[in-house]
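Numbering (full-length UniProt numbering), first residue to last: 1 to 292.
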Amino acid sequence: MNQNNWETVLDHSCQLGEGPVWDAEKQRILWVDILPGEIHSFDPVSGEHRVFKTGQMVGAIALQPTGDLIAALQHGFHTISLENETVIPIADPEVHLPGNRFNDGKCDPAGRFWAGTMSITDEPGAGALYMLDQNHSVSVKVDNVTCSNGLAWSLDHRLLYYIDSPTRQVVAYDYDVHTGTITNKRVVIQFEEVDGFPDGMTIDEKGMLWIALWDGWKVVRCNPNTGERLQQIGLPAARITSCTFGGESLDDLYITSAKTGLSQQELAEQPLAGYLFVVKTTGIKGAGSPEL
Numbered sequence: 001m002n003q004n005n006w007e008t009v010l011d012h013s014c015q016l017g018e019g020p021v022w023d024a025e026k027q028r029i030l031w032v033d034i035l036p037g038e039i040h041s042f043d044p045v046s047g048e049h050r051v052f053k054t055g056q057m058v059g060a061i062a063l064q065p066t067g068d069l070i071a072a073l074q075h076g077f078h079t080i081s082l083e084n085e086t087v088i089p090i091a092d093p094e095v096h097l098p099g100n101r102f103n104d105g106k107c108d109p110a111g112r113f114w115a116g117t118m119s120i121t122d123e124p125g126a127g128a129l130y131m132l133d134q135n136h137s138v139s140v141k142v143d144n145v146t147c148s149n150g151l152a153w154s155l156d157h158r159l160l161y162y163i164d165s166p167t168r169q170v171v172a173y174d175y176d177v178h179t180g181t182i183t184n185k186r187v188v189i190q191f192e193e194v195d196g197f198p199d200g201m202t203i204d205e206k207g208m209l210w211i212a213l214w215d216g217w218k219v220v221r222c223n224p225n226t227g228e229r230l231q232q233i234g235l236p237a238a239r240i241t242s243c244t245f246g247g248e249s250l251d252d253l254y255i256t257s258a259k260t261g262l263s264q265q266e267l268a269e270q271p272l273a274g275y276l277f278v279v280k281t282t283g284i285k286g287a288g289s290p291e292l
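Structure below.
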């Protein structure tokens with residue numbers, strides 16, 4: 001089933017929009033613009049759009065029960081208060097790798113923050129996937145990663161789904177919710193060259209994965225148990241980066257995009273590249289997002 005009933009959320013274009021997070025308490029959508037180091041928030045009821053500048057590239061954010069954010073910035077993990085406008089460092093596991101930056105990240109069902117890195121110059125295998133525990137200890141979960149991207153956990157908390165974009169694969173690991181240990185890697189979804197590259201993803205209440213396709217012009221919903229593609233949402237931008245469910249009923253799909261790296265001709269052909277999109281009342285609800 002194909003859908004194209006998208007809307008733009010607001011009149012703003014990001015260089016590299018990513019990492020959308022729905023703030024259920026405040027009923028607002030949060031997302032990042034990686035390259036200028038910005039965290040955006042938008043209230044769809046009031047129309048208030050706020051931008052917080054972190055001072056360095058920002059790959060991912062997640063909500064904490066306190067209302068603050070945990071963030072993966074270029075120089076490691078930080079706690080950020082949008083209200084107090086503070087950025088407090090926690091740990092930098094790659095202080096010895098100044099050519100890397102953090103990319104996508106998310107909290108697991110136990111509230112640990114997982115985030116991965118990549119080389120700023122796209123050096124193969126230079127990145128890794130890390131886990132930040134509640135006591136702020138950091139461990140490496142996957143190494144030899146080129147472009148660490150989408151993360152999702154199965155509804156029964158037994159599987160981690162993970163994307164290293166250049167592989168064009170979604171892989172699954174057996175996951176221990178008590179320890180965060182992952183084992184038994186296998187491929188569950190394989191994309192073709194024509195699809196572009198899998199980027200960020202989210203999971204719905206049925207356990208199906210919604211995957212953004214960089215240079216693919218779409219978000220696809222896939223069954224990770226069979227690899228089958230169930231539906232897709234075509235969009236007016238090639239570089240679709242991530243998605244998450246939000247809205248009062250958690251059935252609106254928010255989708256980020258990018259314009260970085262596009263030629264002048266491509267930018268002219270894609271005036272909405274970098275915009276935040278929403279597909280309202282999809283008829284399917286998201287599984288929700290844990291907090292650290």
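Note that the Cβ used here is the ideal one computed from N, Cα and C, for glycine as well.
Short Cβ contact (8 Å threshold) for residue i with residue j
i    : j    : result
L267 : K259 : yes
L30  : V21  : yes
T241 : E18  : yes
G274 : C14  : yes
D54  : L73  : Looking at the sequence provided, one finds Thr at residue 54 rather than Asp. Going by C-beta atoms, T54 is nearer than 8 Å to L73.
I233 : V219 : yes
G207 : S263 : no
W210 : C243 : yes
N184 : D195 : no
Bounding residues of the beta strand (DSSP E) (the contiguous stretch that carries residue i)
i    : result
A126 : Careful: A126 lies outside any beta strand (DSSP E) and carries neither H nor E.
Q264 : From DSSP, Q264 is part of no beta strand (DSSP E) but of the alpha helix (DSSP H) over 264-269.
F191 : Neither: F191 is in no beta strand (DSSP E) and is coded neither H nor E.
N149 : 148-153
Q169 : 169-175
Y161 : 159-164
Y275 : That residue, Y275, is in no beta strand (DSSP E); it is neither H nor E in DSSP.
M118 : 113-119
S81  : 76-81
A258 : 252-258
G34  : It should be pointed out that residue 34 corresponds to Ile in this sequence rather than to Gly. Where I34 is concerned, there is no enclosing beta strand (DSSP E), given that its DSSP letter is neither H nor E.
Spatially closest choice to residue i from the options, by CA coordinates
i    : options                : result
G76  : G99, E85, E83          : G99
Q161 : G127, R101, W217, G227 : The identity of residue 161 in the sequence shown is Tyr, whereas the question assumes Gln. For the residues G127, R101, W217, G227, the minimum Cα distance to Y161 belongs to G227.
D143 : I182, K285, R168, K26  : I182
Q190 : P224, Q169, D92, S154  : Q169
T256 : E269, V87, D104, T121  : D104
Q270 : C222, P224, E192, A237 : A237
H96  : A126, V32, I34, P65    : A126
Beta-carbon separation (whole angstroms), residue i vs residue j, contact threshold 8 Å
i    : j    : result
V177 : V188 : Not really, about 19 Å apart at Cβ, beyond 8 Å.
I39  : F52  : 5 Å
I90  : E205 : With 8 Å as the limit, I90 and E205 do not qualify as a contact, their Cβ atoms being about 32 Å apart.
P93  : V138 : 5 Å
Inset, instruction - Determine, using beta-carbon pairs with one atom in the segment 144-153 and one in the segment 109-120, whether at least three such pairs fall under 8 Å. - result: yes
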